[in-house]
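Heads up: the sequence shown at position 55 corresponds to 55 in UniProt numbering, and the numbers run straight through without jumps.
Inspection log for the structure reproduced underneath, given as C-alpha cells.
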Amino acid sequence: MNLVIVESPAKAKTINKYLGDDFKVLASFGHIRDLPSKDGSVDTDNNFAMIWETDGRSEKQIREIAAAARDADTIYLATDPDREGEAISWHILEVLEQKKLLRGREVHRVVFHEITKKAVTDAIANPRALNQELVDAYLARRALDYLVGFNLSPVLWRKLPGSRSAGRVQSVALRLICEREIDIEAFRADEYWSLEANFGIPEGKFSARLTHLDGKKLDKLAIGSEGDAQIAKEKVEARSYTVSKVERKEVKRRPQPPFTTSTLQQEASRKLGFGTKRTMQLAQRLYEGVDIGGETVGLITYMRTDAVILSSEALAGARRLIEKDYGAQYMPEKPRSFANKAKNAQEAHEAIRPTDVFRRPDQVARHLDKDQQALYTLIWKRTVACQMEDARFDQVAVDLASNDNHVVLRANGSVVKFDGFLKLYQEGKDDSSDDDDNDRRLPPLTEGQKPGLEKVSIDQHFTQPPPRYTEASLVKRMEELGIGRPSTYASIISVLQDRNYVTLAKRRFIAQDRGRLVTAFLSKFFERYVQYNFTADLENQLDDVSNGDRAWRDVLTEFWTSFKGNVDEAKELKITDVLDALQIMLENYLFAEREDGSDPHKCPKCEEGTLSLKLGKFGAFLGCSNYPDCNYTRPLVANDNAGESELDGGPKVLGVDSATGKEITLRKGPYGVYVQLGEEETVEGKNGKPKKVKPKRTSLPKGLEPAVVDLTKAEELLTLPRDIGVYPETGEDMKANIGRFGPYVQAGSTFASLKADDDVLTIGQNRAITLIADKREKAGKEIGKHPDDNEPILLADGRWGPFVKHKKTNANLPRDTVKEDVTLEMAIAALKEKEAKSGKSTSAGAKKTAAKKEPAKKAAPKKAAAKKPAAKKPAAKKTAAKKTPTKKAAAK
C-alpha cells in the first residue's frame, strides 16, 4: 500500500479520486507541530535549538498518519510546493522518524502546481528528496518571528499597557499605515482653479483646457483664486481661436502579465472588493478542487507564487482559445513572455492560471458560488488576455491659439484603432491613477480650422492629501519595499485588525490610537527593527538561505546579538520616560491647534493644569496635571477619532440634538457600537404608576466606523426607520432601517439587505424597488396552489437550477429543466416525491382534512399519547405502580 500525505482534507479528497486502490490519501490539516508560546522554545544558548509541540487536533491526525504508515510500503509527502509546504513535510517526516516508522519504507517528496489527474500522476512518477534549504529558510523565519514576538511583546505590555503584541513584519506594516496618517494630518490643501472651453465644428463638439495665458505656460496651481479665474475667463471669452497644431501618433498598450499572489490580491480588491484573506480562501478552494459534473478537479494552479511565467502547455492552450473564440487577428505571432521578478528561483513557480483555459467561466458557473465564480473569471480573463495582441490607439493632441497668441488651449483625445486584449480585460485603477484626457474622443480637426467658442467654465479645486491605504495599495507598497512575502500579507493585515491597531472604514485603513502608540514606541526604542530597509534585507537573507547560499543559524546569530541588547535596554525604561518620549513624538497628533487659538495643552476644565499623556486600565489617555483636584480626562485626540476599542471606557458625547435638545452619545454595547438620544426617563404610566422609557438607539451599519461618526451623522441615524416611497406593484410603504443583520429596505413582509455600496441614510425609491424586486424574484414566483391545502407553490432559481417550494419543503427539478417549461403538475409531483423521501406526509393541509373527515380515529391516538409520559425513564424510577401502564403501552 502507498500512503500519500497532503495538508488539506479537500485536497486529499480530490487526489484520492485520481489514484487507484493501491493508494491511501490522508490530510495533516496544515502544520502538525509548532513552537509553544513559552520561554525557551527557541534556545538561543544552544545553537537555536527548537522545541516543538502538538495540540489535541494534531495528535489525532498524527495517530491516523502513523497507523497508515505502519501498513505502507511507500510514503509520498505531497504538501504544497512552497517553503511552508516543504516545512509541513519535514515535520511529518520528523514525527514518523521519532516513532520509528520509516525503517524499510521508501519516502518521497512530490510536488504539483495544479490538482489535475495528469499533474498528480506525473508527480507520483517523478518524486524527489526533501529540499533541506527550503526547510532551513522556514526554520530561520519561524525562529525570527518567535524571538521578536516573544521578547518584544512583554516589553510592550509592561511599558505600554493596552498594547497587544508586536510582530517582526506586522510592526513595519503598521508603521506604513501610521506614517500615512501623519502625512494626511500634516497636509495643507492649496486652492486652484481650472478653465475649460467648449468648441464646436460641424462634425461635432469638443472641449479644451487652458495651458497658456498672457503668453506664459500655466502650471497646475497657477490660477489660485476665483478672482484670477474670472479674469482668465474674460480673456478667453474675448478672443477667437484657430487650430495651430495637430499632433497624431499611434500608441500601443501591452497586456499585464498573469497573476502572482500579490497582483491577484490587489486586483481582487480593486475590482471585486475582496479582502486579501477572502481572496486567498477562495483561491485555495479553486486550487484544491471543485466537483465539475461528477469529476473533482482543481480549477486553478497553485495560488502562492511570485512568478509570471506560464508553461508551454498553458501558452499553447491560450493561443488555441484566442484563435477559436476571438480570431487570428487577436493572436500575436509568438507567445508572450514576461520577466520574472521573483528573487528566489526555488519558490518561483508558474503564475496563477486556469488549469484548462477551455474551461470557460460560463461553463463552470453552475458549479461555483458567486464569489468563486467572480475570482475564477478574473483569473481566466487575465491569463487569456496576457497572450492577446496589443491594443492600438490613434492619440491626438490639438492646440488652439488666439489670434494674438496670448491664449492657448489644448484638447486631447484618442481613437481605438484595434482593441486587442482590451476586448477581454482591462486592469483596475488604483489610487495613483488619474483620469486620462486621452480617453476622450475628438472630431476630425485640421490646422488652420476655426472652431467656434461656445462656452467657458471655471472650476474650483483643492489639492488632495495622500489617500489612506486600501488593502490593494498596502499590499502593493509592501511588495515594492520587499517587506514580508505575498503569501503572508493576508495574515499580517488580519493581525493588525484583530489587535485593534487599525480599522477599515470604506475599505481604507485608519490607524487607531493604540496602533499609533505602538508605532511611536517601536520607532523610538526599537528604531532599527521597524526600518523598511532592515526588514527587506532580512527577507533577502532568508531567500539566500532557501537558495543554499547562507546558513540559517548565521542569520539568527547576527540578528539576535543586537536585538537582545536592545530588548534588555528597553526593560530598564521607566514608564514615565516612555510617556514623555511618546508625548514629544506625538505632539502634533495629541495637541492639535484649537480653532480659538488657545493653548491645546491647557486643561479646559480647571484652566490651571496642563494635559499630558497618561496610562490607565483601558490604555492611554490625556489627563490634567492637577489630579486629584481636577479629574478631567479625554481620549488621545481632541476630535477623538474613536475606534470601537476606545469606547470601552464609557460613552462619547457627540453633541446636542437640534430637534429635542437631548444629548447624543456614541456607545458600545454587547452587540456593537450604537448612537443614543438622551437617557432613560421615568414617566407616569396609564395607571398612575411610574414607567421607564428607554432612549432611542440606532446601531452603526456595517462599514461605518465609530471614528467617522459625528453629530450630523448621528442625527441622521436616529431618524431611522425612514420612509422612502411606495412599492408600485402592491402599494406597500417602503422603509429603510438597520436591523440585527445590518441595513435593509422593507415592503410588507419582504426584507432586502442593502449591498456594500448602498447607504441606508440616502438610498432612494428606485434602488429600493430594485432590491425588493430582486428579493421577491429569488423567493420565487407563484405558479399555482397546492391541492391539499390551497397554499401557494413557488418557482425559484437555485444554485443547481430551478426548484419549487411549498411551505417548508423545497424540491429540486430535473437538472436540464427550463424554468419557463415548469407546470403546476410537474411541481406537485416533485414536491410529493421529496416529501415521500423525507418521510413527511403530503402536507399539513392533508392532515387537517383527514382530521375533519375522521374525528373518531383522531381521538384514540390522543389518549395513547397522554399515557406516553408514564413510559419515560424518570417516571419508571418513582414507584412500581407506575410501571404497569408502561408494560401495557409496550404490549400495545
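From the three backbone atoms N, C-alpha and C, an ideal C-beta is built for every residue, glycine too.
Identity of the residue in the options nearest residue i by Cα
i, options, result
"GLN497", "THR276, ASP554, THR74, ARG336", "THR276"
"SER562", "ASN151, ARG142, VAL656", "ASN151"
"PRO255", "CYS386, PRO743, GLY609", "CYS386"
"LYS476", "THR463, GLN541, ALA490, LYS220", "ALA490"
"residue 893", "LYS785, LEU19, MET826, ALA222", "Look at the range of the chain in this structure, 1 to 892, and you will see that residue 893 is not part of it."
"ILE5", "ALA66, ASP306, LYS755, GLU608", "ALA66"
"ASP759", "VAL745, GLY725, ILE772", "VAL745"
"CYS606", "GLY616, ASN631, GLN230", "ASN631"
"VAL42", "VAL148, VAL111, HIS108, ILE493", "VAL148"
"residue 905", "ASP219, ASP369, GLU106, ASP788", "For residue 905 there is no data in the structure shown, the boundaries of the chain being 1 and 892."
"SER207", "LYS691, GLU454, GLY515, GLU247", "GLU454"
"ARG507", "ARG253, TYR469, GLU539", "TYR469"
"GLY669", "LYS692, LEU700, GLY685, VAL653", "LEU700"
"GLN395", "ASP371, ALA186, LYS249", "LYS249"
"LEU586", "LEU636, VAL251, THR446", "LEU636"
"LEU19", "GLN372, ARG499, ALA119, LYS417", "ALA119"
"HIS447", "ARG440, LEU400, TYR425, GLU427", "Before going on, a small fix: residue 447 reads as Glu here, not His. If we check each option's Cα against that of GLU447, LEU400 comes out closest."
Contact check, residue i vs residue j, beta carbons under 8 Å
i, j, result
"ALA736", "ARG722", "yes"
"PRO354", "THR377", "no"
"residue 895", "SER8", "Outside the displayed range of the chain (1 to 892) lies residue 895, so it cannot be described from this structure."
"ALA166", "LEU522", "yes"
"LEU292", "HIS367", "Note that residue 292 corresponds to Ile in the displayed sequence, not to Leu. It is a contact, given that the beta carbons lie within the stated cut-off."
"LEU96", "ALA78", "no"
"TYR532", "VAL172", "yes"
"TRP193", "ASP544", "no"
"LEU375", "LEU282", "yes"
"TYR302", "PRO600", "no"
"PHE29", "ARG57", "yes"
"VAL804", "ALA830", "yes"
"ALA129", "ARG103", "no"
"TRP552", "THR44", "no"
"ARG142", "LEU264", "no"
"ARG253", "ASP390", "yes"
Endpoints, the beta strand (DSSP E) within which residue i is located
i, result
"MET388", "Element bounds for MET388: n/a, residue is neither H nor E."
"SER753", "750-753"
"PHE418", "407-418"
"GLN460", "452-462"
"TYR18", "That residue, TYR18, is in no beta strand (DSSP E); its alpha helix (DSSP H) goes 9-18."
"SER244", "241-253"
"ASP723", "722-726"
DSSP beta-bridge partners of residue i
i, result
"HIS108", "TYR76"
"ASN2", "PHE23, THR74"
"GLN61", "DSSP, once it has assigned bridges, lists no residue as partnering GLN61."
"residue 896", "Nothing about residue 896 can be reported from this structure: the residues present for the chain run from 1 to 892 only."
"MET50", "VAL42"
"SER207", "ASN198"
"PHE741", "Answer by DSSP bridge pairing: none, since PHE741 is not bridged."
"TRP193", "GLN460"
First through last residue of the alpha helix (DSSP H) which encompasses residue i
i, result
"TYR589", "587-590"
"TYR138", "132-159"
"GLU185", "170-186"
"MET478", "471-481"
"GLU86", "83-98"
"THR515", "Per the sequence shown, the amino acid found at residue 515 is Gly instead of Thr. Note, GLY515: alpha helix (DSSP H), 513-525."
"THR712", "711-717"
"TYR532", "532-546"
"PHE563", "552-571"
Any non-hydrogen atom of the ligand SAH closer than 7 Å to residue i Cβ
i, result
"VAL246", "Of the ligands one can find in the structure shown there are none, so the ligand SAH has no counterpart to examine."
Count the CB pairs spanning the stretch 700-719 and the stretch 662-673 that are closer than 8 Å, and state whether there are at least three.
-> They touch, by the three-pair rule.
Okay, do the stretch 191-211 and the stretch 524-531 touch, 3+ Cβ pairs below 8 Å being the bar?
-> Contact between the stretch 191-211 and the stretch 524-531 is absent, because fewer than three Cβ pairs lie under 8 Å.
How do the stretch 510-525 and the stretch 177-186 stand: do at least 3 beta-carbon pairs fall below 8 Å, yes or no?
-> Counting Cβ pairs under 8 Å, three or more are found: they touch.
Between the stretch 295-307 and the stretch 11-18, do three or more beta carbon pairs fall short of 8 Å?
-> Yes: the two stretches touch, three or more of their Cβ pairs being nearer than 8 Å.
Counting pairs of Cβ atoms below 8 Å between the stretch 675-682 and the stretch 619-634, do you hit three or more?
-> Fewer than three beta-carbon pairs drawn from the stretch 675-682 and the stretch 619-634 are found closer than 8 Å, and the two stretches are therefore not classed as touching.
Count the CB pairs spanning the stretch 318-330 and the stretch 265-276 that are closer than 8 Å, and state whether there are at least three.
-> No, the stretch 318-330 does not touch the stretch 265-276.
Check whether the stretch 406-417 touches the stretch 232-241, taking contact to mean three or more Cβ pairs, one atom from each stretch, closer than 8 Å.
-> Segment contact: the stretch 406-417 against the stretch 232-241, three or more CB-CB distances shorter than 8 Å; contact assigned.
Does the stretch 127-145 come within contact of the stretch 453-473, defined as at least 3 CB pairs closer than 8 Å?
-> Flag = no, the stretch 127-145 and the stretch 453-473 do not touch.
Give a yes or no on contact between the stretch 586-606 and the stretch 564-575, applying the rule of three or more CB pairs nearer than 8 Å.
-> Segments in contact, no.
So, do the stretch 206-221 and the stretch 256-265 have three or more beta carbon pairs nearer to each other than 8 Å?
-> Contact between the stretch 206-221 and the stretch 256-265 is not established, with fewer than three Cβ pairs separated by less than 8 Å.
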